[in-house]
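Report on the structure given below.
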Amino acid sequence: MTVAPDPTPSTRAAAPAPGERARREIPGDRERREPPPGATGRAEHAGAGAARREVAVIGAGPRGTAIIERLVAASQRDDWQGLLELHLVDPCAGLGGNVWRQDQGEVLLMNTATCQTTMYPDESCRPELPVPHTETLADFLAAEGLGPADIASRAAHGRYLAAVLERAIADADPNRLRIRVHRTSALDVSGEPGTPQRVALQDGTELTVDAVALALGHLATAPGPRSQVMEHAAARHGLVHAAPANPLQVDYSALLGRERVAVQGMGLNFYDALGMLADAAGGRFAPDAHAPSGLRYIPGGGEPQLIVGSRSGMVYRPKPDLRPYLPEPHEPRILTRERVLELSVRPDGLDHEADVMPLILAELQRALAVSGFRALAEEAVILRMLFPFGRRGGPITDAHARTLEVVRRSLREAAEPDPAWLLVFRVLTACRIQVNQLIDLGAYTTESVARDIDGHLRNAFASWASGPPVLRVRQLLALEEAGLVRFTGPGMRVDVDDEAGRFVVTAGEDFRYSCDGVLEAHLPGVELNAFTSPLLRAWRERGEARQDSWASRGTGRRVPTGSIAVDGLYAPIGKDGRVHERRLLVGVPVSTAQPGSAITAEPGTAPQLLHHAEVVARRLAAWGGALPA
Numbered sequence: 001m002t003v004a005p006d007p008t009p010s011t012r013a014a015a016p017a018p019g020e021r022a023r024r025e026i027p028g029d030r031e032r033r034e035p036p037p038g039a040t041g042r043a044e045h046a047g048a049g050a051a052r053r054e055v056a057v058i059g060a061g062p063r064g065t066a067i068i069e070r071l072v073a074a075s076q077r078d079d080w081q082g083l084l085e086l087h088l089v090d091p092c093a094g095l096g097g098n099v100w101r102q103d104q105g106e107v108l109l110m111n112t113a114t115c116q117t118t119m120y121p122d123e124s125c126r127p128e129l130p131v132p133h134t135e136t137l138a139d140f141l142a143a144e145g146l147g148p149a150d151i152a153s154r155a156a157h158g159r160y161l162a163a164v165l166e167r168a169i170a171d172a173d174p175n176r177l178r179i180r181v182h183r184t185s186a187l188d189v190s191g192e193p194g195t196p197q198r199v200a201l202q203d204g205t206e207l208t209v210d211a212v213a214l215a216l217g218h219l220a221t222a223p224g225p226r227s228q229v230m231e232h233a234a235a236r237h238g239l240v241h242a243a244p245a246n247p248l249q250v251d252y253s254a255l256l257g258r259e260r261v262a263v264q265g266m267g268l269n270f271y272d273a274l275g276m277l278a279d280a281a282g283g284r285f286a287p288d289a290h291a292p293s294g295l296r297y298i299p300g301g302g303e304p305q306l307i308v309g310s311r312s313g314m315v316y317r318p319k320p321d322l323r324p325y326l327p328e329p330h331e332p333r334i335l336t337r338e339r340v341l342e343l344s345v346r347p348d349g350l351d352h353e354a355d356v357m358p359l360i361l362a363e364l365q366r367a368l369a370v371s372g373f374r375a376l377a378e379e380a381v382i383l384r385m386l387f388p389f390g391r392r393g394g395p396i397t398d399a400h401a402r403t404l405e406v407v408r409r410s411l412r413e414a415a416e417p418d419p420a421w422l423l424v425f426r427v428l429t430a431c432r433i434q435v436n437q438l439i440d441l442g443a444y445t446t447e448s449v450a451r452d453i454d455g456h457l458r459n460a461f462a463s464w465a466s467g468p469p470v471l472r473v474r475q476l477l478a479l480e481e482a483g484l485v486r487f488t489g490p491g492m493r494v495d496v497d498d499e500a501g502r503f504v505v506t507a508g509e510d511f512r513y514s515c516d517g518v519l520e521a522h523l524p525g526v527e528l529n530a531f532t533s534p535l536l537r538a539w540r541e542r543g544e545a546r547q548d549s550w551a552s553r554g555t556g557r558r559v560p561t562g563s564i565a566v567d568g569l570y571a572p573i574g575k576d577g578r579v580h581e582r583r584l585l586v587g588v589p590v591s592t593a594q595p596g597s598a599i600t601a602e603p604g605t606a607p608q609l610l611h612h613a614e615v616v617a618r619r620l621a622a623w624g625g626a627l628p629a
């Protein structure tokens, strides 16, 4: 969802800019001053009183698009009654949404293969609504020459999302469901619980609807204390500071011409930043068979040296290149679903190191031994693979050289994955799902979550199971070979030297660099009290949303999560305890209540994104009187 003012003009030139694709006009993208006959008439339906028969969806990314596709499918049911008008609100409607917008360049990449994304439910979802289409991202991009195990650009995914939306609008019977597209931002959703809701749009339009779904992604937040310190130091000393943000919203050109820039974070946003910074500088990566990475970076001019590190020092490994086909997921034999359910009800709560880590190690040992890799099945060997810099992230000596060796080795293992390395990747991917399930069930003690899960395990899992495409790691090494990257290792710290007017990066006693810029290479956190969107700020001011909390099974002590508290998975709860049942939230800001709902949906995995989309679509139809409650 985009709630900030959209910098893109509402009217575009007839011809796209060089390198851009023309936006396809989607049916229904018209401002109609007069509503269609019957669209806003009131009708009586069971349990809802007088209904306006209008609903809204705010956000046109994957979640919002899925809700609309499911609502169109619902309108094909025999028990659908009358005419419902649907308002879709998003400045990037028809473009794939803000993150995936199809008119961005091809620099930013997905980190999953094309066959791992779909917008249509399959049998694993057990859909109750019709499923008229089955096209996956791989099917859609086959015409562009991409295979099922290839990695697509985010713009390519945006083209797919735009096509899914276009098809849904075309499928809608105008006598049953009419869709109006508002390419603007939603500033507020107001109204008492149980009554129609008013949706105020940035263009001055005000809609009155029976119910509204808010399909939210990562939202901008006010800077935290550390970010504020760096922001103020940058203003005082003429330095540059880039706060956590969606990569499309970062001005990478502001980093050009600087001597050194500290980069905090070594995950996917870090890899995005590498591509975006090179693009901003006009640099390019040329094939070079003699380079360790297979690439040589040709500078465009003004690139700073990047001093790269994090708390753990763990740079994400590339996902293995498994073309042309992906292997089947690993089926756990020790940390099974049944074992997860058994662990989740222990009254004293789980200590990860004592109760779960031994099962993960046993799962890896069993899989390696059964597959004939007995030399790798030793616990000490596995721990070295998982935590090359130790488990608690303290400073190390020779940090740059040791990190570089880990990256180079991981590239070799990913570019030509041997069966043992691939097996470890598959087992850890499966174990990560099980651990996340335990977290979502509240099985751990709060102390273990803070010490073990947040302390080091999430990063180790993500490093192995959520890494970037091989190409991105080749580019990282090419930049290092050009002298533009220096690794700090674990324990990175950024301070301000006011006397020198510089940022100072340290990591242990033998690592110290002076920098004139800082890039926080990660997304903003989920924090209701820090969200800067006008819509959520209005809810906070009126007390119509409150922060959720998580309680461990062992102590029962509740810890704030930053997520929005909801009732029945979707309806926000006000500070007075009232449930705003006509507002239905899905996505990142309600992540505590919706575990497992990733930003994309993988076929054959019963993806939560599509499950939530169908439930929300049915509820919208029910509030609008088109389907029984």
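Here the sequence shown stands for residues 1 to 629, where the numbers follow UniProt numbering.
Every residue gets a Cβ at the ideal spot worked out from N, C-alpha and C, and that includes glycine.
Whole-Å CB distance - residue i paired with residue j, under 8 Å assumed
| i | j | result |
| --- | --- | --- |
| Leu108 | Pro247 | 6 Å |
| Ala598 | Leu610 | Wrong, their Cβ atoms sit about 11 Å apart, outside the cutoff. |
| Leu322 | Pro417 | 7 Å |
| Val189 | Leu535 | 6 Å |
| Asp256 | Ala280 | It is Leu, not Asp, that sits at residue 256 in the sequence shown. Confirmed, about 6 Å. |
| Asp440 | Pro595 | 3 Å |
Within 8 Å, strictly: CB atoms of residue i and residue j
| i | j | result |
| --- | --- | --- |
| Gly517 | Val240 | yes |
| Cys515 | Val526 | no |
| Ile67 | Ala617 | yes |
| Val566 | Pro572 | yes |
| Ala93 | Val199 | no |
| Leu137 | Tyr120 | no |
| Gly267 | Glu520 | no |
| Met276 | Tyr297 | no |
| Arg540 | Ser549 | no |
| Ala211 | Trp464 | no |
| Gly501 | His237 | yes |
| Leu95 | Gly158 | yes |
| Leu177 | Val89 | no |
| Leu84 | Ala420 | no |
| Lys319 | Ala414 | yes |
| Pro589 | Leu523 | no |
| Ala507 | Pro395 | yes |
| Gly64 | Val99 | no |
DSSP beta-bridge partners of residue i
| i | result |
| --- | --- |
| Tyr297 | Phe285 |
| Ile573 | Val579 |
| Thr506 | Arg493, Arg512 |
| Trp550 | Val559 |
| Val55 | Leu86, Ala211 |
| Asp398 | Asp398 is not bridged to any residue. |
| Val406 | None; Val406 has no bridge partner. |
| His241 | Val518 |
| Gln305 | Arg260 |
| Ala377 | Paired residues: none, contrary to the question. |
Status (buried if at least 16 other CB within 10 Å, exposed otherwise) for residue i
| i | result |
| --- | --- |
| Arg284 | exposed |
| Tyr316 | buried |
| Arg512 | exposed |
| Ala629 | exposed |
| Gly217 | buried |
| Gly145 | exposed |
| Glu303 | buried |
| Ala443 | buried |
| Glu614 | buried |
| Pro324 | exposed |
| Gln104 | buried |
| Ala46 | Residue placement at Ala46 is flagged as unreliable, the pLDDT there being 34, under the threshold of 50; the coordinate-derived value follows with that caveat. Exposed is the call here. |
| Gly467 | buried |
| Asn175 | exposed |
| Gln434 | buried |
| Leu620 | buried |
| Thr117 | buried |
Contact test: residue i Cβ vs the ligand PLP heavy atom, cutoff 7 Å
| i | result |
| --- | --- |
| Arg618 | Ligands are entirely absent from the displayed structure, and the ligand PLP is therefore not among its contents. |
Any chain B beta carbon closer than 8 Å to residue i
| i | result |
| --- | --- |
| Ala156 | No chain B appears in the structure shown, which is made up of a single protein chain. |
Are the region 479–492 and the region 579–591 touching, with three or more C-beta to C-beta distances below 8 Å? no
Segment contact flag, the region 325–333 with the region 420–435, C-beta cutoff 8 Å, min 3 pairs: yes
With a threshold of 8 Å, are at least 3 pairs of Cβ atoms found where one atom belongs to the region 212–229 and the other to the region 442–455? In this structure the region 212–229 does not touch the region 442–455; the number of beta carbon pairs closer than 8 Å is below three.
The region 303–311 in contact with the region 407–416 per 3-pair CB rule at 8 Å: no
The region 466–482 contacting the region 366–384, beta-carbon criterion three pairs below 8 Å: The region 466–482 makes no contact with the region 366–384; the number of CB pairs closer than 8 Å stays below 3.
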